[in-house]
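Each residue of the sequence shown is one higher than the one before, starting from 44 at the first, in the working numbering. Heads up, the beta-carbon is just placed ideally off N, CA and C, and yes, glycines get one too. Encoded as structure tokens, the structure appears first; notes follow it.
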Amino acid sequence: WCAIIYFFTKHSIFIVLILQILYTSLIPIVVYYIAYKIYDAKTAILSSICSVFVPGITIYSATKLHQMPLYALFFLLSLLLTLRLSESFSNRNQILLGIVLGTSFLIRSTTIFIILAIFSWLWFTLKIEIKKKIFAILKVLVIAGIIITPWVVRNYLVHKKLILFQTSDGYCLYIATNPNATGTLYLPDGRFQLEGIPEELLRKHNTLTEMQFRDLMRSEAWKFIRQDPVRILRLSMLRFFYFWWFSPLSG
């Protein structure tokens, strides 16, 4: 959607930030309805108010061009629609959930874990026949697949490979496992992890295709994993802690 805005506004970052703030303002509303369905009106109001003051959402929506605010909104919408589907097993709710999950996947590929969690929860909570349960989950998957398909086709036409996820996974795996990895996107001296990549690898970036460089970074990352798996496990636990609590560096 940024490409459309840039096309009509001559690359106006200000307009994108305004729109980012506007759709982020919907988050407290969605939070209210989720809390109302699970608890009561009083809890819903308090939850909605608290969501307004989440530092991460405020910073990322008002000062940075980032996917996080949009992803947060669609993540919450997926939870709300899951609750609605568990209450009203209608075609409308199934279709809406499929659309939201498919769009969330395009925004951020880690949605795959949310999809698995949602389907597991629905499987154990829906009080319907197993055949209907399977059919409903398949219908949501098909709708989500329809949303994702254009992107998959585009990737195949460009890279001649079937790619469901982003091609940056090789780079992400490298910065998470390299000898200077800290559990954040930054080096121990405060520089961005990208600045710590050896010059030899960066030079290859200019001569390799996107997929070849992805495979190279994956290969380098797996070398680090095999060399010291205990260290990699420790870094993984550290990232988990930073994600759910406070990271020393963010941005």
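Let me make sure I understand the geometry here. Which of the options has the alpha-carbon closest to that of residue i?
{"i": "Glu-172", "options": "Phe-50, Phe-132, Gly-141, Phe-283", "result": "Phe-132"}
{"i": "Ile-102", "options": "Ala-87, Phe-118, Thr-67", "result": "Thr-67"}
{"i": "Phe-96", "options": "Tyr-82, Phe-162, Ile-70, Lys-85", "result": "Ile-70"}
{"i": "Gln-110", "options": "Asp-83, Phe-148, Tyr-75, Ile-142", "result": "Phe-148"}
{"i": "Trp-164", "options": "Ser-129, Val-195, Asn-249", "result": "Ser-129"}
Can the beta-carbon of residue i be found closer than 8 Å to that of residue j?
{"i": "Ile-138", "j": "Ile-186", "result": "yes"}
{"i": "Gly-226", "j": "Tyr-285", "result": "yes"}
{"i": "Met-260", "j": "Tyr-214", "result": "yes"}
{"i": "Ile-157", "j": "Phe-118", "result": "yes"}
{"i": "Glu-253", "j": "Thr-210", "result": "yes"}
{"i": "Ile-180", "j": "Phe-162", "result": "yes"}
{"i": "Tyr-76", "j": "Leu-113", "result": "no"}
{"i": "Gly-145", "j": "Ile-189", "result": "yes"}
{"i": "Ser-55", "j": "Val-74", "result": "no"}
Kindly indicate the opening and closing residues of the alpha helix (DSSP H) around residue i.
{"i": "Ile-161", "result": "154-168"}
{"i": "Ser-202", "result": "The question names Ser, but residue 202 in the sequence shown is His. Per DSSP, His-202 belongs to the alpha helix (DSSP H) from 173-202."}
{"i": "Leu-62", "result": "56-67"}
{"i": "Lys-53", "result": "No alpha helix (DSSP H) contains Lys-53, which DSSP labels as neither H nor E."}
When you compare only the Cα positions, how much space is there between residue i and residue j?
{"i": "Leu-205", "j": "Ile-191", "result": "12 Å"}
{"i": "Gly-294", "j": "Leu-65", "result": "With a pLDDT of only 49 at Gly-294, under the threshold of 50, the placement of this residue in the model should not be trusted; the figure read from the coordinates follows. Looking at the two C-alpha atoms, the distance is approximately 21 Å."}
{"i": "Leu-237", "j": "Ile-218", "result": "8 Å"}
{"i": "Pro-291", "j": "Lys-182", "result": "42 Å"}
{"i": "Leu-200", "j": "Trp-194", "result": "10 Å"}
{"i": "Thr-52", "j": "Leu-126", "result": "39 Å"}
{"i": "Ala-105", "j": "Leu-116", "result": "15 Å"}
{"i": "Trp-288", "j": "Arg-282", "result": "10 Å"}
{"i": "Ala-264", "j": "Leu-159", "result": "27 Å"}
{"i": "Leu-169", "j": "Ile-48", "result": "41 Å"}
Could I get the ranges of all uninterrupted beta strand (DSSP E) runs contained in the stretch 83-133, with 3 residues as the minimum, in chain order?
Runs found: none.
* At which residue ranges does the stretch 205-291 contain complete alpha helix (DSSP H) runs of 4 or more residues, listed in the order of the chain? -> With a minimum length of 4 residues, the continuous alpha helix (DSSP H) runs that stay inside the stretch 205-291 are 212-220, 242-248, 253-270, 272-287.
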